[in-house]
Amino acid sequence: MAIIVNLDVMMAKRKMSLNELSEKVGLTLANLSILKTGKAKAVRFSTLEAICAALDCQPGDILEYEAPAKAFPKKRE
Amino acid sequence: MKTKTETILTIMKVLTWIVFIGLCIKTGALIVSLFVSLFVNPAASQDIYLGLDLSSIQEYDQWHYICSASLLIFFTGLKAYLAYLVIKIFLKFNLENPFSPAVAKLIDCIAQTALTAGLFVIIMGAYGNWLSKKDILGISFGDSGSEFLFLAGIIFIIAQVFKKGIELQSENELTI
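Chains A and B supply the protein sequences, listed in that same order. When the count follows our numbering, it moves up by one through the first sequence with no breaks and lands on 87 for the last residue. When the count follows our numbering, it moves up by one through the second sequence with no breaks and lands on 295 for the last residue.
Next comes the structure, spelled out in C-alpha cells:
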C-alpha cells in the first residue's frame, strides 16, 4: 500500500504506549495494531480526528504517501 | 431470547435434516432393492421403492434395467448431497459475520450440484422418452430438469453476490 502509517513514530515522540492511546482514542488494541502495522484498508475521519487529538498532531504527521516503485525502471541511455 | 430470523433458521435446519435423512433412506432402499431384484428375486423390480415398477424395463433388457435403476439411485443420491450441503451451510452460518469464504464455497458447490442435477434429469428424461417409444414404462422426471437449472442459475447469482459481500465485509473489518 502506498499510504504509510507512522503511528509508532508519533507515539514514541509523545512517549505514549499502545494501551494508553487505545484508551484515549476508544479503539481496541487489535484495531490500533492493524493501523500501526499498515494492514488497514481505510481510516474513518472520526478515528483520525481522535488519534490526532490524543497525540496532539496533524494527519500529515501520521499518514505519509510513498509512490510505489516501478517494477521495470527505464534504462538510462 | 431468539429473534424471529433465528427461529426460522432453526426450523429450516430441522426440516433440512429430515429431508436429508429421508433421501439417504430412499437411496439406501433403492440400492438394496436393486441388489435384491438382480441377485435374489427378480420380482422385486415390480416394487423397487414405494410402488415404483421397473419390471417392464427388466423384461425388455437387463442392462437397461440396471442403467435406469442406477441413474435413479444416482439422482436420489445427488439430491441427498444437495441437502447435506445445505445442512453444512446452516452449521457454518453466523448471522453476526455472515459473509465467510467457507459459506461462499458451499454456495458455489450447491450451484454446481444443482446444475449437474438439472442436466442429468434432462438426459434421463430423453432416455425415458426413448424407452417409452418402445412401449416400455420408464421413470418419469417430469419438468424437474428445468427447475434444477433455474435453481442453479439463481444460486449462482447469489454466490456472486455473496463473494462481493465477503470483499465488502473484509474491507469493513479492516476499516479503522
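Glycine included, every Cβ here is placed at the ideal spot set by N, Cα and C.
Contact list for residue i against chain A, beta-carbon separation under 8 Å
i	result
residue 293(B)	44, 49, 50, 51, 52
Sequence-distant residues of its chain with Cβ nearer than 7 Å to residue i (five each side left out)
i	result
residue 133(B)	none
residue 67(A)	20
residue 221(B)	211
Pair within 8 Å by beta-carbon distance, residue i and residue j
i	j	result
residue 188(B)	residue 142(B)	no
residue 168(B)	residue 149(B)	yes
residue 172(B)	residue 165(B)	yes
residue 236(B)	residue 138(B)	no
residue 293(B)	residue 25(A)	no
residue 209(B)	residue 126(B)	no
residue 269(B)	residue 239(B)	no
residue 295(B)	residue 264(B)	no
residue 12(A)	residue 77(A)	yes
residue 53(A)	residue 45(A)	yes
residue 298(B)	residue 146(B)	An answer regarding residue 298(B) cannot be provided, because it is not within the stretch 120 to 295 covered by chain B.
Close-in-space but distant-in-sequence residues of the same chain around residue i (CB under 6 Å, 5 per side omitted)
i	result
residue 230(B)	271, 274, 275, 278
residue 35(A)	60, 61, 64
residue 227(B)	278
residue 204(B)	225, 228, 229
residue 183(B)	176
residue 153(B)	188
Neighbourhood of residue i by C-beta distance below 8 Å, restricted to the same chain and skipping five residues each side
i	result
residue 216(B)	288
residue 283(B)	none
residue 38(A)	32
residue 75(A)	12, 13, 14
Neighbouring residues, chain A, relative to residue i (Cβ below 9 Å)
i	result
residue 290(B)	51, 52
Any non-hydrogen atom of the ligand SAH within 7 Å of residue i CB
i	result
residue 291(B)	The model on display carries no ligand, and the ligand SAH is accordingly not part of it.
Which residues of the segment 31-42 of chain A have a Cβ closer than 9 Å to any Cβ of chain B? Give them in chain order. Against chain B - using a Cβ distance shorter than 9 Å - the residues of the segment 31-42 of chain A are 37, 41, 42.
Could you tell me which whole alpha helix (DSSP H) segments of length 4 or greater appear in the segment 222-271 of chain B? Counting only unbroken stretches of 4 or more residues, no alpha helix (DSSP H) element lies wholly within the segment 222-271 of chain B.
Pick out the complete beta strand (DSSP E) segments inside the segment 160-186 of chain B, 3 residues or longer, and give them in chain order. For the segment 160-186 of chain B, there is no continuous beta strand (DSSP E) assignment of 3+ residues that stays within its boundaries.
Report the residue ranges of all beta strand (DSSP E) runs contained in full by the segment 11-79 of chain A; include only those spanning at least 3 residues, in chain order. Correct list: 13-15, 73-75.
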